[in-house]
Every structure is written in C-alpha cells, then in structure tokens.
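A quick write-up on the structure given underneath.
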Amino acid sequence: MIDYLYNGANLFALPFWTLMIILPGWSVTRRVMASYIPFVPLALAYIYCFATSLDPDSLAAFANPTLSQLAGLFADERVMATGWIHFIVMDLFVGRWIYWQGQEKGVWTRHSLALCLFAGPVGLLSHLITAWLQGRMGAAEAESAEAVS
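Here it is, written out as structure tokens:
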C-alpha cells in the first residue's frame, strides 16, 4: 500500500506543476490553482502514511531526535514515504504561492517553479531573487521614464 501511495502522490502532483510551468496564463490553470482541493488527497495520503508509520518503540526518537536517529527512522520505507509525501505537499504549496505571485505581480516564474518542483527551497530562493530583481529593474525603468518626461 505504501508503494502505491508513494507512486500515486508523485504522479498526482505532476499535472499541477505542468499547468503552472507550461500553461501559467490558461484560465483552467488559474481555476485549478485557485483551489485548495489538490492538497486534500495529498494530505490524506500523508495522514495515512504518518499514522501507519508510527511505531511505539520509535516514538521517543521523534521527541528530540539526533541526526543519526532520524537517519535510522527514515531507513524504514513507511517513514520515508511519509517524509517524501510531506515534501511533495509542501513543495507544491510553495510552488502554488510562487505561481500566484507571478500572476498577481507579473513576476516571471517558470524557472523558479521548475526549480521548486525538484528542490523546493532553491525554487523559493530563485523566485525571491527574481521578484526582487524584476522590482529593481521596474523601478529603474520608471525613474528613467520620469527623467525623460
């Protein structure tokens, strides 16, 4: 069952990433990404994995884990699937935020979304830098236009 949830979560998220990266301005993309519904099946898969990966003998390690204890816990496929689905949900949520920032503020996002798909924090940093640079360039252009007029 865990293998199905792991594979299913990976496949389930891909259409949303495809829409945001390939067709960001499409009305269907906007409608789909305006909803929180895509997160419900992923959150339910996470809850199932989390509940079934709880082992009373290892619960104490979660209270204040060391790095080596975490490595041991994540050696269990159930715990690793839970962690991976956690990454999928959170990366998609951050990707959705990046997407909406692009839509609302006119920030170019395709590169940041692609990075976020594969390495969430890198995509987030990319977006923050892109938004900052685009804002600086827009401000410089506005100053130039004022100087000309």
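Letter by letter, the sequence shown follows residues 213 to 361 of this note's numbering.
Think of the CB as a built atom: it goes at the ideal place given N, C-alpha and C, for glycine as much as any other residue.
Quiz item: Where A343 and Q315 are concerned, what is the direct C-alpha to C-alpha distance, given to the nearest angstrom?
Solution: The residue you call residue 343 lines up with position 131 of the sequence shown. The residue you call residue 315 lines up with position 103 of the sequence shown. If I take the Cα positions, the gap works out to 12 Å.
Quiz prompt | Meets three-Cβ-pair contact criterion under 8 Å: the stretch 301 to 309 and the stretch 328 to 343 | solution = yes
Quiz prompt | Close beta carbons around R322, own chain, < 6 Å, minus the five adjacent residues each side | solution = Numbered from its first residue, the sequence shown carries residue 322 at position 110. Once the five neighbours on either side are set aside, the close Cβ partners of R322 are I233.
Exercise. My understanding is that L254 touches A225, with C-beta atoms under 8 Å, so please give their C-beta distance in whole angstroms.
Key: The residue labelled residue 254 in the question sits at position 42 within the sequence shown. The residue labelled residue 225 in the question sits at position 13 within the sequence shown. Rounded, the Cβ-Cβ distance is 7 Å, consistent with contact.
Practice problem: To the nearest angstrom, report how far apart Y248 and W309 are at their CA atoms. | Solution: Against the sequence shown, residue 248 aligns to sequence position 36. Against the sequence shown, residue 309 aligns to sequence position 97. Straight-line Cα distance between these residues: approximately 12 Å.
Quiz item: Which one of Q346, G307, G350 has the shortest CA to CA distance from L329?
Solution: In the sequence shown, the residue the question calls residue 329 occupies position 117. Among Q346, G307, G350, the Cα nearest to that of L329 belongs to G307.
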